[in-house]
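S.K.: In the UniProt record's numbering, the protein residues as written are 1 to 285.
For every residue, glycine included, the Cβ atom is placed at its ideal position computed from N, Cα and C.
Everything numeric in this text was worked out from a predicted model, so none of it was measured.
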Amino acid sequence: MLPAVVKLCCGISYRHLRSMAGLQRTAVAVIGQEITHLQRSGQIQHHMRKLVGLNYDEPTPEDINSVPAKEDQLVYIKQGQEAMRKALNMLEEKDGWNVEITQSNGDVICSKVIPGSTKVFRLEAVLEASPDELYDLLFVRLEEMHEWNPSIQHIKVLKQVGPETIVTHEVSAETAGNLIGQRDFLTVRHSSKQKSRIYLGGASIKLESFQPQEGFVRAEDGPTCIIIEALDKDSRRSRFTWLLNMDVKGSNKDNTVLRAGCQSQLSIRRCPEHSWISPDTSADA
């Protein structure tokens, strides 16, 4: 996988950057710095654009039932599709977005407070990777994420509900001295390929058979989504739009420590010798 893709996905997936209430802004700052680093090294291009419609064709009940599935499986499929629909509706709303960070090179990350939700963030970037490469990394090989994202201890697919929907359990990695405390997430994830775009959506769910575990804080993903769109005809570049929406279920008493941890992890992610960059691509980093 292209190193630019791996490094950016490390940034956008870092749970520990958002592991306490009030730290979302810090996470966004770290993401912005990482994008700047990649852009300066020539590995990523980034620009903002006006959203002109997300072109997502919402499935009909006939579409949902066209594939044989057990009743409980249909519940997960509908939950995943509903999460995606809600997240896309958030992105489609043009008003209320505020600029959080503006870099001298034009990098911009926006935020918005949505009734009934915490502050959400929107990131847009152009990546030197095809939509299929990104889809493979973020959905098909999801369980391998801990190999290149040191903030993840593991991700396990608990239920495979057809080719487009999965239920996962994710555990964040321990930090030095475990000052922050580990979070775990129980999430339904749904994907949809439509024309030149790929949609990845999801939200937290509850399972009676998988209650919160001792030693972890059960955090929650609100409706969230990623949109991956081919930028040009050869599909070697992708426009990447990501909506971050979560409730970390904690306090921010250790803000200073956590901010230092964020910056430390950012420095580690920039190290080209780190294990998440494969030997055949590290020379390009």
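For the 8 angstroms Cβ check, are there 3 or more pairs between the segment 206–224 and the segment 182–196?
M.R.: yes
S.K.: Measure the CB-CB distance between Glu220 and Lys249 and report whether it falls below 8 angstroms.
M.R.: For the purposes of this step, residue 220 is taken as residue 220 along the sequence shown, with counting starting at 1. For the purposes of this step, residue 249 is taken as residue 249 along the sequence shown, with counting starting at 1. In contact: Glu220 and Lys249 (Cβ atoms closer than 8 angstroms).
S.K.: Would you kindly report the start and end of the unbroken alpha helix (DSSP H) that includes Leu88?
M.R.: Position 88 of the sequence shown, counted from the start, is the residue given in the question as residue 88. Residues 71–92.
S.K.: Specify the secondary structure class of Phe185 as computed by DSSP and reduced to three states.
M.R.: Along the sequence shown, read from residue 1 onward, the residue named residue 185 stands at position 185. Strand, per DSSP.
S.K.: Between which two residues does the beta strand (DSSP E) containing Glu143 stretch?
M.R.: Locating residue 143 in the sequence shown gives position 143, where the first residue counts as 1. Segment: none, Glu143 is in no beta strand (DSSP E) and carries neither H nor E.
S.K.: For the segment 187–199 against the segment 159–174, are there 3 or more C-beta pairs whose distance is under 8 angstroms?
M.R.: Counting C-beta pairs closer than 8 angstroms gives three or more between the segment 187–199 and the segment 159–174, which meets the contact rule.
S.K.: Considering Cα atoms alone, identify which of Gly222, Lys159, Arg236, Ile226 is closest to Asn245.
M.R.: In the sequence shown, counting from the first residue as 1, residue 245 sits at position 245. The shortest C-alpha separation from Asn245 is found at Gly222.
S.K.: Just checking my contact of Val161 with Tyr76 at CB under 8 angstroms: how many whole Å lie between their CB atoms?
M.R.: If you number the sequence shown from 1, residue 161 lands on position 161. If you number the sequence shown from 1, residue 76 lands on position 76. Indeed, because the Cβ distance is near 5 angstroms, the residues count as touching under 8 angstroms.
S.K.: Determine which residues share a DSSP beta bridge with Ile226 and list them.
M.R.: The count along the sequence shown starts at 1 and reaches residue 226 at position 226. Paired residues: Leu200, Trp242.
S.K.: Quick check: what's the CA-CA separation for Ser192 versus Asn149?
M.R.: By one-based count along the sequence shown, residue 192 stands at place 192. By one-based count along the sequence shown, residue 149 stands at place 149. Going by the C-alpha atoms only, they are around 24 angstroms apart.
S.K.: DSSP beta-bridge partners for Phe216?
M.R.: For this step, residue 216 is matched to residue 216 along the sequence shown. According to DSSP, which records beta bridges pairwise, Phe216 is partnered with nothing at all.
S.K.: For the alpha helix (DSSP H) that Leu137 lies in, which residues bound it at each end?
M.R.: As a working note, residue 137 is residue 137 in the sequence shown. Taken as a continuous stretch (DSSP letters only), Leu137 belongs to no alpha helix (DSSP H), as it is neither H nor E.
S.K.: By how many angstroms is the C-alpha of Gly202 removed from the C-alpha of Leu91?
M.R.: Working through the sequence shown from its first residue, we reach residue 91 at position 91. Working through the sequence shown from its first residue, we reach residue 202 at position 202. Leu91 and Gly202 have their alpha carbons spaced roughly 14 angstroms apart.
S.K.: Between which two residues does the beta strand (DSSP E) containing Ser168 stretch?
M.R.: Sequence index remark: in the sequence shown, residue 168 carries index 168 (1-based). Here the sequence assigns Thr to residue 168, which means Ser is not the residue at that position. It spans 165–172 - the beta strand (DSSP E) in which Thr168 sits, taken as one unbroken run.
S.K.: Tell me whether residue 292 is buried or exposed, calling it buried when 16 or more other Cβ atoms sit within 10 Å of its Cβ.
M.R.: Residue 292 falls outside the range modelled here, since the chain spans only 1 to 285, and no answer is possible.
S.K.: Which residues share a DSSP beta bridge with Leu123?
M.R.: The residue given as residue 123 occupies position 123 in the sequence shown. According to DSSP, Leu123 bridges with Ile109, Trp242.
S.K.: Give me whichever residues DSSP pairs with Ile205 in a beta bridge.
M.R.: Stepping through the sequence shown from its first residue, residue 205 is reached at position 205. Bridge partners of Ile205: none, in fact.
S.K.: Quick test of your reading: Leu127 and Ser235, contact by CB under 8 angstroms. State the CB separation rounded to the nearest angstrom.
M.R.: Residue 127 sits at position 127 when you count from the first residue of the sequence shown. Residue 235 sits at position 235 when you count from the first residue of the sequence shown. The Cβ separation is near 12 angstroms, so there is no contact.
S.K.: For the beta strand (DSSP E) that Ile152 lies in, which residues bound it at each end?
M.R.: Translated into positions along the sequence shown, residue 152 becomes position 152. Element bounds for Ile152: 152–161.
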